[in-house]
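Undergrad:
2 protein chains.
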Amino acid sequence: MSTTYREVKADILRQITQGELAPGSILPNEVDLAASYGCARATVNRAMRELADDGLIERRRKAGSRVRRNPLRQAKFNIPLVQQEVEEQGSVYRYALVSRDIAPASDRLRARLGLQSSDRLLHLICMHYADDAPYQYENRWINLAATPDAETFDFSQTGPNEWLVKQVPFTDVQISFRAIQADAVYAEHLDCARGDALFQVERTTRQDDEPVTFVQLTYRQGHRLTTRY
Amino acid sequence: MSTTYREVKADILRQITQGELAPGSILPNEVDLAASYGCARATVNRAMRELADDGLIERRRKAGSRVRRNPLRQAKFNIPLVQQEVEEQGSVYRYALVSRDIAPASDRLRARLGLQSSDRLLHLICMHYADDAPYQYENRWINLAATPDAETFDFSQTGPNEWLVKQVPFTDVQISFRAIQADAVYAEHLDCARGDALFQVERTTRQDDEPVTFVQLTYRQGHRLTTRY
DNA sequence: TAGTGGTCTAGACCACGGA
DNA sequence: CCGTGGTCTAGACCACTAA
């Protein structure tokens, strides 16, 4: 009948959210907390470490643990594969390859990704449908210097994301979200009006600083990305 | 000279990203790993637990640990206070209250937040500037049933976010991102054209299921939210 | 039912960094 | 300097669940 780290964490969390522990105030040290909860120091340590990971407290050797003044607000988003995303909302997923070509990197992409001018890129445009309605427009560049196999793979049946995830390891991913206005191309593919506001995710994937792929995923009008914490 | 959990984690991570451990393959159990790394089982456990938290492996009792087939792609975003966000990019921050009124909740908000029809809401519209250029338009509703003090507080000098973070505890936050088209009001306040695509964050904060505040934060044209992992 | 991860313990040593 | 958190250990019991 010992106190678990979950109980310790929940109790401290309660004291913080209910204002018993004011922002900026200092918590007892681990030894004292262990004694008062009647558990081992390692148990308190795990509870406190998770609270620190969650951004609720700040810990420093010798200085002790304090409740953060401005609780670090951080949100975690799942970035699912399109197919899973579509199927999880109960729709039928369909994929189509719109175009495929190979060309040297444009100046814009070279600057953005840090590519050599000699590098060749595989450029794919794909559509993802939910119940036969346009769901996502995918504009992707794959660095053939990093992924030579991509040149011979047939992307007409399998989406590049599915293939890349299984074939190519990566070490670093950068993601950004923004709003863009639909031009004629987007309007046609996503079945919306020119000028509509669309939600776009841009993602750059690297393997040890070498760019592997850059993609723009543009969602149909009205899409939301949601999370809670 | 023992093996640390960081070393164990880094070594397994390397095997995954370099393809030595294929997606879906099973890892040795903790006892065996501990033996092969020459450390205690608890050390291996911590390394594996963190890999699981990071979405790289899946663990199940009796079944063992496997490399995820589709590495769970999850991104963590910091949700900073506007003032910090502006100042961190080296600009001067300025705040202004645009309007303030108190009214019963509209049907739309009642449905969205799960409010009682008798609840009164404090409705604030605020502007946040960076170097005197519009940066963010804030449209906020505060539930006076949950936060009576808000009724008498003077929001003409201090932004509601700063005040709420310090005054009101919360237990649950829901965030969503989307793209919207600027109407005449947005165009005027954010100094952009009608029809421009704007990036908007919506956030609902609750304390034990009671809605505390709902806010729409609309950024100036061209804003991006970025992260890496 | 047996194997695996989940957790707790009591103790130890150490690194960091405030006073 | 020396208090605090960071980490490791060897062992133990337990909860879950696949076989």
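Chains as they are written, first to last, in my numbering: chain A, 164 to 392; chain B, 164 to 392.
For glycine and all other residues, C-beta sits at the position ideal for the given N, C-alpha and C.
Taking 8 Å as the threshold (beta carbon to beta carbon), is residue 392(A) in contact with chain B?
TA: Taking Cβ atoms only, chain B reaches closer than 8 Å to residue 392(A), which makes this a yes.
Undergrad: Comparing alpha-carbon positions, which option in 322(B), 202(B) and 174(B) lies nearest residue 299(B)?
TA: Considering only alpha carbons, the answer is 322(B).
Undergrad: On the criterion of 16 or more Cβ atoms from any shown chain inside 10 Å, does residue 311(A) qualify as buried, or is it exposed?
TA: Counting Cβ neighbours within 10 Å, residue 311(A) comes out exposed, since fewer than 16 surround it.
Undergrad: Are there 16 or more other CB atoms within 10 angstroms of the CB of residue 366(A), so buried, or fewer, so exposed?
TA: Its Cβ being crowded by 16 or more others within 10 Å, residue 366(A) is buried.
Undergrad: Would you report the Cα separation of residue 333(B) and residue 252(A), rounded to the nearest angstrom?
TA: If you take the alpha carbons of residue 333(B) and residue 252(A), they lie about 29 Å apart.
Undergrad: Residues of chain A with CB closer than 7 Å to the CB of residue 339(B), please, in chain order.
TA: Neighbours of residue 339(B) on chain A, chain order: 387, 388 and 389.
Undergrad: For residue 297(B), name the three-state secondary structure that DSSP assigns.
TA: Looking at residue 297(B) - three-state DSSP - the assignment turns out to be strand.
Undergrad: Looking at the C-beta of residue 186(A), does it have a partner C-beta in chain B at a distance below 8 Å?
TA: At least one chain B Cβ lies under 8 Å of residue 186(A).
Undergrad: What separation, rounded to the nearest whole angstrom, lies between the Cα atoms of residue 191(A) and residue 183(A)?
TA: Approximately 14 Å between the Cα atoms of the pair.
Undergrad: What does a CB cutoff of less than 7 Å around residue 386(A) pick up in its chain, not counting 5 residues either side in sequence?
TA: Closer than 7 Å at the Cβ level, and outside the excluded window around residue 386(A), lie 362.
Undergrad: With a threshold of 8 Å between beta carbons, is residue 359(B) in contact with chain A?
TA: Yes, because at least one Cβ of chain A sits closer than 8 Å to the Cβ of residue 359(B).
Undergrad: Of all the CB atoms in chain A, is at least one closer than 8 Å to the CB of residue 335(B)?
TA: By this cut-off, residue 335(B) is an interface position.
Undergrad: Assign residue 189(A) to one of three DSSP states: helix, strand, or coil.
TA: Looking at residue 189(A) - three-state DSSP - the assignment turns out to be strand.
Undergrad: Taking the alpha carbon of residue 189(A) as the point to measure from, which residue in 165(A), 225(A) and 167(A) has its own alpha carbon closest?
TA: The shortest C-alpha separation from residue 189(A) is found at 225(A).
Undergrad: Report back the beta-carbon spacing between residue 318(A) and residue 257(A) to the nearest angstrom; my notes put them in contact at under 8 Å.
TA: About 15 Å; that fails the 8 Å criterion.
Undergrad: Which residues of the region 238 to 257 of chain A have a Cβ closer than 9 Å to any Cβ of chain B? Give them in chain order.
TA: The residues in question are 238, 239, 240, 241, 242, 243, 244 and 247.
Undergrad: Report the partner residues of residue 257(B) according to the DSSP bridge assignment.
TA: 292(B).
Undergrad: Three-state secondary structure (DSSP) at residue 386(B)?
TA: Three-state DSSP puts residue 386(B) in coil, outside helix and strand.
Undergrad: Provide the residue span of the alpha helix (DSSP H) that contains residue 172(A), from first to last.
TA: First-last of the alpha helix (DSSP H) with residue 172(A): 168 to 180.
Undergrad: For a contact defined as C-beta to C-beta under 7 Å, what are the partners of residue 379(A) on chain B?
TA: Here the premise fails: no neighbours, minimum Cβ distance about 12 Å.
Undergrad: Could you tell me which whole beta strand (DSSP E) segments of length 3 or greater appear in the region 197 to 259 of chain A?
TA: Complete beta strand (DSSP E) runs here, min 3: 220 to 223, 227 to 230 and 237 to 241.
Undergrad: Is the beta carbon of residue 220(A) closer than 8 Å to that of residue 207(A)?
TA: No. Outside cutoff.
Undergrad: Closest to residue 282(A) by C-alpha separation, out of 289(A), 274(A) and 339(A), would be which residue?
TA: The shortest C-alpha separation from residue 282(A) is found at 274(A).
Undergrad: Applying the criterion that 16 or more other CB atoms from any shown protein chain within 10 Å of the CB defines a buried residue, is residue 210(B) buried or exposed?
TA: Buried, since its Cβ has 16 or more Cβ neighbours within 10 Å.
Undergrad: Could you list the residues in the region 343 to 358 of chain A with a C-beta less than 9 Å from some C-beta on chain B, going in chain order?
TA: Residues 343, 344, 345 and 358.
Undergrad: Here's the rule I'm using: 16 or more other beta-carbon atoms within 10 Å means buried, otherwise exposed. How should residue 241(A) be labelled?
TA: Label assigned to residue 241(A): exposed.
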